[in-house]
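Undergrad: Residues -19 to -1, 1 to 672 (mature numbering (1 follows the signal peptide of the UniProt record, and there is no 0)) make up the sequence shown, in order. All residues carry an ideal CB built from backbone N, CA and C; glycine is no exception. Predicted model, so just to flag it, every value in this text is computed and none were measured. The structure that follows is given in the form of structure tokens.
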Amino acid sequence: MKLWASAVVVSTIISLGSARSPSGGYAPGPAQCPSVDSFLREGNSISEQEKEWISERQAKSNEALISFLDDSKLDSFNAEKFINQDNSSGINLGVAFSGGGYRAMLSGAGQMLALDDRSDFGGGSNATNPGGLGGLLQSANYVSALSGGSWLLGSLAMQNWRSVQDVVFNDNDDLWNLTDTRQLVNSNGLWTIVFPVLLGDLNGALTHLNNWYTTKYGPGIGDDLKAKEKAGFPTSLTDAWSRGLAHQLFPGDVDNYMDSYTWSDIRNMSSFVNHEMPFPLVIALGRRPGTTVYNLNSTVVEINPFEIGSFDPSLNTFFTDLKYLGSNVSNGVPTSESCVEGFDNAGFVVGTSSSLFNQFLNTLVCDDCNSLPWYIKPIIKAFLSKLSKNYEDIAEYRPNPFYKSEFANSSHIAQNDTLYLFDGGLGGEVIPLSSLMTKERALDVVVAFDNGNDGATNWPNGSALVSTYERQFSPQGRSAICPYVPDEVSFLSQNLTARPTFFGCDAKNLTDLVKDGVTPPLVIYIANRPFEFYSNTSTYKLSYTDEEQKGMIQNGFDVATRLNGTIDDEWRTCVACAVIRREEERRGIEQSEQCKKCFSNYCWDGTITQSEGPYYQELNFTDTSLTNGSEVFYGPPPPQESSGGGLLSFIFKREEDFDIPVVRSTSASSTMKLNIDTVVVAMLVAAMVMI
């Protein structure tokens, strides 16, 4: 189904909560402290507010799930009777959107569109769209996202849970416009940014940031940062990054791109108050002061409308009212009569989740890194080293909300006046699952979208899910639960990334993974792959033409729907079988023959591929597998390019097969010529450190 050929544009009236920052702008401001003994609680459960909210949401999601199941053509199945049985607490469903810059945001938008029954493409009883999963989003209690996925989630959540269809087809606000004139960087004379950086000409360098000085609706990015600093709060590159993103994600005519809107404002929006949206979680990682290290042991920090905190033992603490983030506290007790509001700026929250600048020292200028030309590498390394030394490459949360927390096991967090956060996916867990799939939340099923760019091909290889699985066995993964998954070679050789795959299909096989009586959820894993567009674009790609944007969203929809049900017209039915599986197991109900067939087709069978030597990933795709064959659905491979140290070319579909052009994107390995946008980002980093 061609989305742009068949959409019916329906305008949505956006009802937004009032702005929360007392300053009326990006800067936080003073506010009266609430009557609380402490802002901190131990990270051994979800909050009472979340429990109450989820209880109300469950009633709404039950209704939506009944409709979803009714439209899924399950044999001899009474959805209303199944869901509303007296002894059932309901099915706890979550959806997770991975990181990956604009690639993840746009691919995720198409995937979310496929799950949303507000769209014209959801499927179900709509016979012309059999592959759609419309209603699954309405059936979810939770939605988590990080990095580029958080841009998608944040953009929609801050607009009262606006639909993707409304944003894309009713573009009155010019949102998600990533063309050259609207991208973060002013592309006019792009390479000239090198000269002011080297000469120390700050004004010349900053002219390459769109909206730095002023905007159509109010102060520019530079003024926002100055206001925050004047209010007594530190700023870093993440603040500029965050406000730049806000100009693409939020409507400009709403308080100058939601300049003063906060993440805790979601609590006041009608979609949240009425439990008409899933509970949103944005994920970041914590960095130990004085280091640039990040890995699976990095502290996973979640930000939800009520709280910020972590189940990880290193922190083991939640700050119980996000609204007052930025207040000076000691072990949760305010140290003055005045508190702060407005620190949890919405753009800053999603900017924090995508603050990837911390990685450049490890991936651009390390001793073994060959991405940059030798004559540029030492210059960029000097800039980046200074950036990291001054903590400009990450998000600074000062004052530290967890200062002297009695619950934290790491003195590096609790005894520091600043909490340092950065991109939630840099530790390896690119799909935000460790905070979602916890024993405290006890989910039954999770739909996990992997839009990462693993290895030399820029397509997912399963490593994100492998990371989640492995983390549960570490001390930091005390609360995490995840079903068995294979290694990356098995993911690729068994085509588990080329088609959707179910993990954890039988609870009886997961007894060794149960924590505190909670069984890991069944995971519906769906990885990015090409159907109508090659969507493996670089994470550092900063601009997209209108055709590229549409192609990315269209392909994301195709990925979620199995090419609109043309590959498997029972795809929606099989997803329904997965959704009800844990509840069937709890009641001792045997699967139907229909669902057994689905599980035979989609469940990982536990096989591990034994590879005697290096495994080389196939570069092409059929409908259901990876291949190196040239005579396949996507056409023969183009000639191998030889410039830039041996660029690896991808196999692209013939343009004449599509209504929209196919992007001829190349992906970089560690020895490849660096994408121009990566250099731009690095130069911007260098420019910002000189501010």
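Can you tell me whether Glu283 is helix, strand or coil according to DSSP?
TA: Translated into the one-based positions of the sequence shown, residue 283 becomes position 302. The answer is strand: DSSP assigns Glu283 an E or B state.
Undergrad: For Arg22, which three-state DSSP category applies?
TA: The residue you call residue 22 lines up with position 41 of the sequence shown. If DSSP states are grouped into helix, strand and coil, Arg22 belongs with the strands.
Undergrad: Return the CA-CA distance between Leu266 and Asp404, expressed in angstroms with no decimal places.
TA: Within the sequence shown, residue 266 is the residue found at index 285, counting from 1. Within the sequence shown, residue 404 is the residue found at index 423, counting from 1. Taking the straight line joining both Cα atoms gives about 6 Å.
Undergrad: Is it buried or exposed for Asn609, if we count other Cβ within 10 angstroms and need 16 for buried?
TA: Position 628 of the sequence shown, counted from the first residue, corresponds to residue 609. Burial call: exposed.
Undergrad: With a CB to CB cut of under 6 Å and the five nearest residues on each side skipped, what residues in its chain are close to Asp638?
TA: The count along the sequence shown starts at 1 and reaches residue 638 at position 657. With a pLDDT of only 32 at Asp638, under 50, the local geometry of the prediction cannot be trusted, and the value read off the model is given with reservation. Within the same chain, Asp638 has no close Cβ partners at all.
Undergrad: Taking its Cβ as the centre, do 16 or more other Cβ atoms sit within 10 Å of Ala227, making it buried, or is it exposed?
TA: By one-based count along the sequence shown, residue 227 stands at place 246. With 16 or more other Cβ atoms within 10 Å, it is buried.
Undergrad: If contacts are defined as beta-carbon pairs under 8 Å, then Ser88 and Asn490 qualify, I think. What distance do you get, rounded to the angstrom?
TA: What you label residue 88 is simply residue 107 of the sequence shown in a count that begins at 1. What you label residue 490 is simply residue 509 of the sequence shown in a count that begins at 1. Rounded, the Cβ-Cβ distance is 31 Å, inconsistent with contact.
Undergrad: Report yes or no: do three or more beta-carbon pairs, one from the region 60 to 79 and one from the region 41 to 49, lie closer than 8 Å?
TA: Yes, since at least three Cβ pairs between the region 60 to 79 and the region 41 to 49 fall closer than 8 Å, the two stretches touch.
Undergrad: Do you know offhand how far Ser415's Cα is from Phe176's?
TA: Start at 1 with the first residue of the sequence shown, and residue 415 comes out as number 434. Start at 1 with the first residue of the sequence shown, and residue 176 comes out as number 195. Answer to the nearest angstrom: the Cα atoms are 43 Å apart.
Undergrad: Give every residue of the same chain whose Cβ lies closer than 6 Å to the Cβ of Ser26, excluding the five residues on either side of it in the sequence, and list them in chain order.
TA: Position 45 of the sequence shown, counting from 1, holds the residue named residue 26. Cβ within range, chain order: Glu421.
Undergrad: In whole angstroms, what is the alpha-carbon distance linking Ala559 and Asp18?
TA: In the sequence shown, residue 559 corresponds to position 578, counting from 1. In the sequence shown, residue 18 corresponds to position 37, counting from 1. Distance between the alpha carbons of Ala559 and Asp18: 44 Å.
Undergrad: Note down the Cα distance separating Pro11 from Phe329, rounded to an integer number of angstroms.
TA: As a position in the sequence shown, residue 11 is number 30, starting the count at 1. As a position in the sequence shown, residue 329 is number 348, starting the count at 1. Near 18 Å, if we compare the C-alpha coordinates of Phe329 and Pro11.
Undergrad: My understanding is that Tyr506 touches Pro481, with C-beta atoms under 8 Å, so please give their C-beta distance in whole angstroms.
TA: For the purposes of this step, residue 506 is taken as residue 525 along the sequence shown, with counting starting at 1. For the purposes of this step, residue 481 is taken as residue 500 along the sequence shown, with counting starting at 1. Between Pro481 and Tyr506 the Cβ distance is about 7 Å, and since that is below 8 Å, they are a contact.
Undergrad: To the nearest whole angstrom, what separates the beta carbons of Arg22 and Phe299, a pair I think is in contact under 8 Å?
TA: The sequence position of residue 22 within the sequence shown is 41, counting from 1. The sequence position of residue 299 within the sequence shown is 318, counting from 1. That pair is a contact at about 5 Å.
Undergrad: Relative to the C-alpha of Val427, which candidate in Glu377, Phe483 and Arg459 has its C-alpha closest?
TA: As a first step, residue 427 is located in the sequence shown; it is residue number 446 there, counting from the start. Among Glu377, Phe483 and Arg459, the Cα nearest to that of Val427 belongs to Phe483.
Undergrad: What does DSSP give as the partner residues of Ile394 in its beta bridges?
TA: In the sequence shown, the residue the question calls residue 394 occupies position 413. Bridge partners of Ile394: none, in fact.
Undergrad: So for Ala12, helix, strand or coil by DSSP?
TA: Numbered from its first residue, the sequence shown carries residue 12 at position 31. Of the three classes helix, strand and coil, the one that applies to Ala12 here is strand, per DSSP.
Undergrad: In this structure, does DSSP put Asp51 in helix, strand or coil?
TA: Taking the first residue of the sequence shown as 1, we reach residue 51 at position 70. Note: Asp51 maps to helix in three-state DSSP.
Undergrad: Taking the alpha-carbon of Phe63 as reference, which of Gly569, Asp604, Leu94 and Ser241 has the nearest alpha-carbon?
TA: Counting from one through the sequence shown, the residue named residue 63 turns up at place 82. Per the Cα distances, Gly569.
Undergrad: Mind the definition here: the region 550 to 564 touches the region 518 to 525 only if three or more C-beta pairs lie below 8 Å; say whether that holds.
TA: The region 550 to 564 is not in contact with the region 518 to 525.
Undergrad: May I ask you to verify whether the region 461 to 469 touches the region 436 to 446, counting CB pairs closer than 8 Å and requiring at least 3?
TA: Because the criterion of three Cβ pairs below 8 Å is met, the region 461 to 469 and the region 436 to 446 touch.
Undergrad: Below 8 Å between beta carbons: does that hold for Gly91 and Ile412?
TA: Against the sequence shown, residue 91 aligns to sequence position 110. Against the sequence shown, residue 412 aligns to sequence position 431. Their beta carbons are not under 8 Å apart, which means Gly91 does not touch Ile412 by this criterion.
Undergrad: Which parts of the region 559 to 613 are runs of the alpha helix (DSSP H), unbroken and 4 residues or longer, counting only runs that do not cross its ends?
TA: Those alpha helix (DSSP H) runs which fall completely within the region 559 to 613 and span 4+ residues are 574 to 583.
Undergrad: Give the single residue among Ser70, Asp234 and Ser606 whose Cα lies nearest to the Cα of Asn153.
TA: Here residue 153 refers to the residue found at position 172 when the sequence shown is read from its first residue. Checked all of Ser70, Asp234 and Ser606; the closest Cα to Asn153 is Asp234.
Undergrad: Unbroken beta strand (DSSP E) runs of length 3 or more, entirely within the region 56 to 94: which are they?
TA: Segments of the beta strand (DSSP E) lying fully in the region 56 to 94: 74 to 78.
Undergrad: Residues in the same chain with beta-carbon distance under 6 Å from Asp325, minus the five sequence neighbours each way, listed in chain order, please.
TA: Counted from its first residue, the sequence shown places residue 325 at position 344. Result list for Asp325: Thr243, Trp244, Ser245, Leu303 and Leu306, in chain order.
Undergrad: Should Pro502 and Asp425 be called a contact, given that it needs their Cβ atoms to be closer than 8 Å?
TA: The residue you call residue 502 lines up with position 521 of the sequence shown. The residue you call residue 425 lines up with position 444 of the sequence shown. A contact, by the Cβ cut-off of 8 Å.
Undergrad: Leaving out the 5 sequence neighbours to the left and right, which residues in its chain are closer than 6 Å to Ser295 when beta-carbon positions are compared?
TA: For this step, residue 295 is matched to residue 314 along the sequence shown. For Ser295, where only same-chain residues beyond five positions count, the Cβ hits under 6 Å are Thr280, Asn390 and Ser391.
Undergrad: Count the other CB atoms within 10 Å of the CB of Pro15; is the residue buried (16 or more) or exposed (fewer)?
TA: Locating residue 15 in the sequence shown gives position 34, counting from the first residue. Answer is exposed; the Cβ neighbour count stays below 16.
Undergrad: Is there at least one Cβ from chain D nearer than 8 Å to Phe430's Cβ?
TA: In the displayed structure, chain D is absent; only one protein chain is listed.
Undergrad: Could you check the C-alpha separation between Ser334 and Trp132 for me, to the nearest Å?
TA: In the sequence shown, counting from the first residue as 1, residue 334 sits at position 353. In the sequence shown, counting from the first residue as 1, residue 132 sits at position 151. When rounded, the distance between both Cα atoms is 9 Å.
Undergrad: Return the CA-CA distance between Val166 and Val274, expressed in angstroms with no decimal places.
TA: Indexing the sequence shown from 1 puts residue 166 at position 185. Indexing the sequence shown from 1 puts residue 274 at position 293. Taking the straight line from one Cα to the other gives about 28 Å.
Undergrad: What are the boundary residues of the beta strand (DSSP E) that includes Ser125?
TA: Along the sequence shown, one-based indexing puts residue 125 at 144. Segment Tyr123 to Leu127, the beta strand (DSSP E) holding Ser125.
Undergrad: Do His256 and Glu529 count as a contact pair if the criterion is CB distance below 8 Å?
TA: In the sequence shown, residue 529 corresponds to position 548, counting from 1. In the sequence shown, residue 256 corresponds to position 275, counting from 1. It is not a contact, given that the beta carbons lie outside the stated cut-off.
Undergrad: Please state whether the Cβ-Cβ distance between Gly433 and Ser79 is less than 8 Å.
TA: Taking the sequence shown and counting its residues from 1, one reaches residue 433 at position 452. Taking the sequence shown and counting its residues from 1, one reaches residue 79 at position 98. Yes. Within cutoff.
Undergrad: In this structure, does DSSP put Ser311 in helix, strand or coil?
TA: Taking the first residue of the sequence shown as position 1, residue 311 is located at position 330. Three-state DSSP puts Ser311 in a strand.
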